[in-house]
Every structure is written in C-alpha cells, then in structure tokens.
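Residue numbers (the working numbering), protein chains in the order written: chain Y, 273 to 654; chain F, 1272 to 1601.
Think of the CB as a built atom: it goes at the ideal place given N, C-alpha and C, for glycine as much as any other residue.
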Amino acid sequence: MESNPVEQELAPEIEDIVEERISVASQRQLIWWRFRKHRVAVVATVIILLFYTTVLFADFLATSNPADSEAFRGLMPPQPVSLFDGWKPSPHVCAVSGARNLVTFQKEYVRDCDEKIQVRFFARGYDYKFLGIIPTDRHLIGMSDDTLRPEDYMYLLGTDKQGRDMYSRLLFGTRISLLIGLFGVVLSLVLGIVLGAISGFYGGLIDNVIQRIVEITRSIPSIPLYMGIAAAFPSDWSILKIYFAITIIISLFAWTDLARVVRGRFLTMRDEDFVTAAMLSGANQRRVIFRHMLPSFYSHIIAAATLALPLMIIAETTLSFLGLGMRPPAISWGTLLQDAQNIQTIALTPWLMIPALPVILVILALNFMGDGLRDAADPYSN
Amino acid sequence: MLGYLIRRLFYAVLAIWAVTMISFFIINLPPGDYVTSYVAQLAIQGSIMQFEEIENLREFYGLNQPMYVQYLKWMNQIVHGNLGFSFEFGLPVNDVIGERLILTMILALATITFIWLMAIPIGILSAVRQYSIWDHTFTFFGFVGLAVPDFMLALVMMYLGFVLFHFSVGGLFSPEYVTASWSMGRVIDLAQHMIIPILILGTAGTASLIRITRANLLDELRKPYVVTARAKGLSEWRLILKYPVRMALNPAISLTAYILPFLVSGSIVVSVVLGLPTVGPILLKSLVAQDMFLAGSIILLIGSMTVVGTFLSDLLLVWADPRVKFEGRE
C-alpha cells in the first residue's frame, strides 16, 4: 500500500482511514482486496465458476439425451439459433434435411429456412432428475412444443458420427472432465500435504529420502508411464471403476509440485515464534502441524491446487484422447476429441473440434486464476 | 565438485533403477504371463506348441520362480541387449524400435535447441523493454502456449495446414525417403518435416523459459553492479549481455532438466496425432494390443534416456554456474 507523498499531504484524514481499515482487516479480507486488483484473475474466476455451474446443471442445460443416437442424422452441421424472424423477436432454428449424394456417397445436409423450428426457454425434453433428485422433463432451452412436428429436431453444435447431439455431449463431457480434475487434485493434495509436511517439519534423513523420491518422479516422463498403467485396466471394468482408476493415475501427475510448495512453507515456518509457542504449551506434533502451521498457509495451498488442476485436466483429456483413459460410453472432453483425430474429420466436419474450445478456455482461466491467487496468497508482503 | 557429481550420478542411477522396476511392473500388469499369451498367439496363427517347448520357455523367463528372480532374469537379458519379442510385429523388439528411437532423440534435442534459440532472446527483450508492446504480446502468447495441451496444438496445426495451405501435416519423411538409406537429401527432408512438430512441442517449453529468463533478468537489472557498469560508461547492450544475462542464464539451464521429461511425454502424444515415425505410435499400438514386452521396453528406454538427459543438463549447470556445487540444488 504505497502512496505518493503529495497525496498524503493533501488528504491525511482519508489516508488515515484507509490505513486503519487495512490494519484491522482480517487476513481473508486482505487476500480478497489484493485478489480483486488482479482483473484478469477475477474474470477467470467467474469463467471457472460458470463452468462448474454447468457441471451441476448439465442435464438441465442439455437439449437432448447425450446417449440417443440416430444413425441417419450422423455428422450433421450445427444449427445456429436466429433470435429474430424479420423484425419480430422469435428465436428459432432452421429445419435441416439430409440426403446422400449419389456421386460421392457423402451425406449432405441442406438448411431450409422456410421451415422454422421455434425455440423457447424451459421447454419439454427428455426425462431426467434435476440435481439428481427432482424428476422433470423441463430444460433451459428446447423446441417449443406448440408448433412441433415429430420429425423436427435441433442440434445446436451438430452431431457426431452416430448422430448424437454434440451440444449435450459437450455438457456431459464437461461434467466428467472437470469433476475428475477436482477429485484428482484432492487426492494429490492429500499426498502432497502429508509428504511435504513430513519432509519440511522433520527435515534430516526423512526429508532427504522424500526429496529424492520427488526428484526421481520428476525426471521420469509421465505420459508413457501412465499410458502403460492405464492400458492394463481390464476391459470388463465398469465405467465407475475406470473413473476412479484414472483419477488415481492423474493425481500422480501433480503431487510433486504440491509437496514442494508445502515443504518450502514448512521449512520457513518451523522456526517462527508461534510454532515454538505452540510446542512449548505442550501441543503434540499433529496438533502443531494441522492446527497451527497448515492454516497459516491455506491460501498458498489453494493457489497451488488451482495451478495443479489444469495439469490434471490435460492429463485426463490426453489419456482419453489416446483411447487409454475414459472409454465410451463414458463422455469426457478427451473421448469427444477422439473423433477429431484424423485429417478427414477435421477437413469435412470441423465442428467435431468444438470440444477443444472449452478445454483451452478452462485451462487458460485456471492458470490466470491460480496466478492471481498466488499473488494474493501472501497479503502481508508488499 | 566431484562430490556433487557423484551424488548426481547416484541419483541418476537410482532413477534408472526405478524406471526398470516400473517397466517390469507394467509388463506384468495384464492377466496371464508372457508365455501364456505367446502360446495363445501361436494358436491363433495355427501352430501348436509342444508341452516341453512351453516348459522350456517358462524356464527361460523364470516364470515358475518368484517375482524377483523373474526381474533379475529380465534385467540380465536387457543388459545383454535382448529386449524380448514383439507379438504385434512378429519381430524382436530391438528391430521394431531401432530407428524410431533415434528419431525420437533427434526430435527431443532439436526441440530443446529451438526452445533455447527462441526463448532466450525473447526473454532478454521482454525484460529490457519491460511493459512494452513486445513484452505484453509475448507474455500473452506465453500463457496461451503453456495452457494449450500439445495434442490440441497438433490438431489445430493440422486443421490450419489443411484449410490455409491445403497440405497435410504429418510424418517425418516424404514418401520417396521413407525407406531410403541415410543421405544428404534424406537429412534435409527430415529437417523440413520436423519444423511443425518442433513448433508444437517447443511452445510450452519456450513459454516457460521466456517467463523465467525475463523474471531473472529483471531481478538482476536492479542490482548495484549494473548501475556501476553503467556509471563507468559501458554501452547499454554490451553491459546487459556481458553481466546480467550471464547470471540470468543459469536458471534457464536448470530448467532444461525440468522440461525434458515433459518434452518426451509430449513427443509421444504429438507423434501419435501427426503420425511421426518415433516410438510414440508404436507405444500406443503395443499398449492397446497388450504387447507388453514391446511397451515395457519402450517405456524403459525413453525413461532411461530422459534420466540421462537430465543428468547431462545437471553437468552443464555445474560448468556454467560454479556456485551450484557448494549449495546443491534447491
């Protein structure tokens, strides 16, 4: 909180008030004030919150069941929503009909804008349970049923090879990919904090051993290794089992970073007065570590975890993309991008690459958010 | 100095040992043992093995004995240069990997060189002209480069290559050179085909090296010796290149050791997407087919190579920054 001397002379009272507010503010408040100044990080945080909201409401936001396939509507291009019909506001999509080109044998779709399919909020769609509890068939957007004919359909982001709705699949993929990252971070936090704390608190031989393990782990290329382990999962495992196994694997990607952060903090904090005081008052080691030392750098841990999250998401997406992670019928960003692997798909059906956009956006946003958190984590430094 | 080197060497050996353990673990992961799969494979092809033959094979690989004996026997074979047999290709593993391993190494080394050539000048420029338009541009691209996964960059490059230039990105050789023996033409052809993979692989590394060089140089530029040098009348660029840049380079060298494993990981994925004839696609293929001797050997070889590379860059750091040997790393 530097201020220039002229200002200070002009408005000493205001300066005093600011000064006083800062000196009585809690640490949480100081962190928030500092974080707020980092505009990009705030925007990034909003984006991340929006994404995690879609995780909660994926089926409410979806327009059709992600597993429903219609072979004769495969590889349909996106149908954009038009908000106006002439000057009248009337959200609609154009009807699309497809026929096979008899020369190239490619399926070709023609948009027919004379036939409009009306779109409305809170439309009826397939049945699901809202938040997993309340059974309903209302979705945020959908085809309005007063003018609906049975042959009408709406695919906002087109369809994949099996004629499944890309938009709905993308929402469900977001759910799995973001949650798997979150669980992975929790696991590697546990691993990183326990090992980092032991290493930094006790020091000496045990520190040396743990540091060598960290160093060795870091010098081995991770992707081929985890590919090897992931490939060995039996093919008859259920989706849930694979999900947990993949979570464990990707949590191994980042624990070393977290362990390093935690260890460094413990090393600098070991000789602080409040730690000595706690020990002298007879607190046992577990209490000193978990009640006194850890809370004093929660903010650093949160920042480190935020920066570890994109690593996890990349790891899961990469493994699934290669066909070694989540397996269909499970939907994740990686399995969605599997369809975009070869040049033909990219050239003829570029909308299959759309899942790349949220991946890049989320990873960028997480990095900016983590950066902002890291800067704000220590509000007493200047 | 010697003590430090011996310690680093010891860790490198430990790491390689860890890699062998992990590779062995991966080889043994699928249900059933090697000989069972081998016999099954032969049965599919229509030939049936004698019972004694099977027993002999089991004896050879020590499959009736405890795990550590199997490990030792396997290690013994490896030390003698025999990596086992690949079902998928019907060839000894050595023959399958051969040239691909060399191409993997060439790709990794070329990418490291690229990272250095790009990142250090840009890092210096960003620090000296802090908050200039260049600085902001590179910082932005740096963030994007760090954030976008390699395979996605490869997909985007393929898309752009196709849409803008109507040419397909992929492979490391033109058709006429794929099976040709090494010649000047083949080397040039390889170099041309490597440009895009290097760009893809090098982006993340370049971004982090720019950030580190910039941050370190900014720290150095504020130190009193820079003021002294300026006061005695050295020209600005000469001054910067002669003192602070040299100091700022050391962390850049140690970062190379850190980047290498990521680079190798990335090259596997990018090779799969772009169809490069490195070990990447073979590794994926062997894993999908559960051809575990091939997969285990590839993991073992690239793992060990990475460890050796890391060790070499540690040596480079000792040579460049004599202070390291007193402090150890951290």
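Is there a C-beta anywhere in chain Y that falls below 7 Å from the one on residue 1470 of chain F? no
Closer than 7 Å to chain Y by CB, residue 1574 of chain F: yes
Taking only runs of the alpha helix (DSSP H) that begin and end inside the segment 1293-1319 of chain F, which ones reach a length of at least 4 residues, in chain order? 1305-1316
Please list the terminal residues of the continuous alpha helix (DSSP H) segment that includes residue 1326 of chain F. 1322-1332
Can you tell me whether residue 1298 of chain F is buried or exposed? The criterion is at least 16 other CB atoms within 10 Å of its CB, across all chains shown. buried
Stretch pair the segment 1568-1578 of chain F + the segment 512-520 of chain Y: three plus CB contacts closer than 8 Å: no
So which residues of chain F does residue 580 of chain Y contact, with C-beta pairs closer than 8 Å? Going along chain F, no residue has its Cβ under 8 Å from residue 580 of chain Y, so there is no contact; the nearest lies around 14 Å.
C-beta neighbour in chain F for residue 602 of chain Y, strict 7 Å: no
Close Cβ partners of residue 485 of chain Y (< 7 Å) along its chain, the five nearest in sequence each way excluded: none
How would you write the range of the beta strand (DSSP E) that residue 371 of chain Y sits in, first residue to last? 360-372
Unbroken beta strand (DSSP E) run spanning residue 434 of chain Y, endpoints: First-last for residue 434 of chain Y: undefined, no H or E at that position.
Return the residues of the segment 606-627 of chain Y that lie within a Cβ-Cβ distance of less than 8 Å from chain F, sorted by chain order. 609, 612, 613, 615, 618, 619, 622, 625
Nearest-angstrom Cα distance between residue 526 of chain Y and residue 349 of chain Y? 38 Å
With a cut-off of 8 Å on the beta carbons, I'd call residue 449 of chain Y and residue 589 of chain Y a contact; round off their distance for me. 6 Å
Consider the Cβ of residue 337 of chain Y: report whether some Cβ of chain F lies at a distance smaller than 7 Å. no
Residues in the same chain with beta-carbon distance under 6 Å from residue 586 of chain Y, minus the five sequence neighbours each way, listed in chain order, please. none
Could you check if residue 1407 of chain F is buried or exposed, using at least 16 other CB atoms within 10 Å of its CB as the buried criterion? exposed
Whole-Å CB distance - residue 341 of chain Y paired with residue 447 of chain Y, under 8 Å assumed: Contact flag wrong, Cβ pair sits at about 19 Å.
Within its chain, find whatever has a CB closer than 8 Å to the CB of residue 372 of chain Y; leave out the 5 residues flanking it on each side and keep chain order. 378, 379, 380
Classify residue 394 of chain Y as helix, strand or coil using the three-state DSSP reduction. strand
Which class does residue 639 of chain Y belong to by DSSP, given the choice of helix, strand or coil? helix
Per DSSP, which one or two residues make a beta bridge with residue 411 of chain Y? Y:395
Could you give the C-beta distance for residue 636 of chain Y and residue 1415 of chain F, rounded to a whole number, given that I count them as a contact under 8 Å? 7 Å
For chain Y, find out if any of its Cβ atoms is closer than 7 Å to the Cβ of residue 1423 of chain F; answer yes or no. yes
Residue 381 of chain Y, DSSP secondary structure in three states: strand
Between F:1324, F:1362, F:1323, which has its C-alpha nearest residue 1564 of chain F's C-alpha? F:1362
What residue range is occupied by the uninterrupted beta strand (DSSP E) comprising residue 356 of chain Y? 354-357
Under DSSP, the alpha helix (DSSP H) around residue 429 of chain Y begins and ends at which residues? Segment: none, residue 429 of chain Y is in no alpha helix (DSSP H) and carries neither H nor E.
With a threshold of 7 Å between beta-carbons, can residue 1297 of chain F be considered close to chain Y, or not? yes
Among the residues of its own chain, which have a CB less than 8 Å from the CB of residue 391 of chain Y, if the five just before and after it don't count? 353, 363, 364, 365, 413, 414, 415, 416, 426
Among all the DSSP beta bridges, which residues are the ones paired with residue 1357 of chain F? F:1362
With 16 as the cutoff for other CB atoms within 10 Å, does residue 503 of chain Y come out buried or exposed? buried
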